[in-house]
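Report on the structure given below.
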Amino acid sequence: MDKPTFLNEVERRFTQLFKASKGGYAIPPAERHRLQGFMQAGVFMNLCNRSELNAIMEKTHLAIFRKTIEERKLDTPVSWIYEETDYSLYETPAYERRY
């Protein structure tokens, strides 16, 4: 495998993941880990370096979301699930709780 082919495949995979994320689909951890492993293999085989991979990720993210990764992180509100969950049930030890 040559460097341009490898970098094109990395970009294709980022595009696929970012489009799914933009579409509202949760990305399975296995898919993210698979891409991370693929990129790490490219670094190990001296096909690319981390800065090249980061540049591809930023470029692809910008093309899909029309904002940088940092801008998107700032725009994403804290999940409302954590704010509304009532954990008072768990304030007493488990052996004292009756269901």
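97 is the number that the working numbering gives the last residue of the sequence shown; the numbers go up by one with no jumps. Quick reminder that beta carbons are idealized off the backbone N, C-alpha and C, glycines included.
Take ALA18 and list the residues in its own chain whose beta-carbon comes closer than 8 Å to its own, dropping the five residues that flank it on each side. For ALA18, where only same-chain residues beyond five positions count, the Cβ hits under 8 Å are ILE25.
Fill in: Proximity to THR13 [Cα-Cα], best of GLU89, LYS71, ARG30
If we check each option's Cα against that of THR13, ARG30 comes out closest.
Counting only the same chain and skipping the five closest in sequence on each side, list residues whose C-beta sits under 8 Å from that of ASP73. Residues of the same chain with a CB within less than 8 Å of the CB of ASP73, apart from the 5 flanking positions on each side, are LYS65 in chain order.
Spatial distance of PHE4 from THR90 (CA atoms): Roughly 54 Å between the two C-alpha positions.
For ILE54 versus GLU9, is the C-beta distance shorter than 9 Å? Contact check for ILE54 against GLU9 passes: the beta carbons are separated by less than 9 Å.
Q) Between ARG11 and LEU33, is the Cβ-Cβ spacing less than 9 Å? A) Going by C-beta atoms, ARG11 is nearer than 9 Å to LEU33.
Please go through the same chain and pick out, in chain order, the residues whose beta-carbon is closer than 8 Å to the beta-carbon of PRO2, but skip the five residues on each side of it.
Within its own chain, no residue has a Cβ closer than 8 Å to the Cβ of PRO2 once the five positions on either side in sequence are excluded.
Could you have a look at TYR23 and say whether DSSP puts it in helix, strand or coil?
Three-state result, TYR23: coil.
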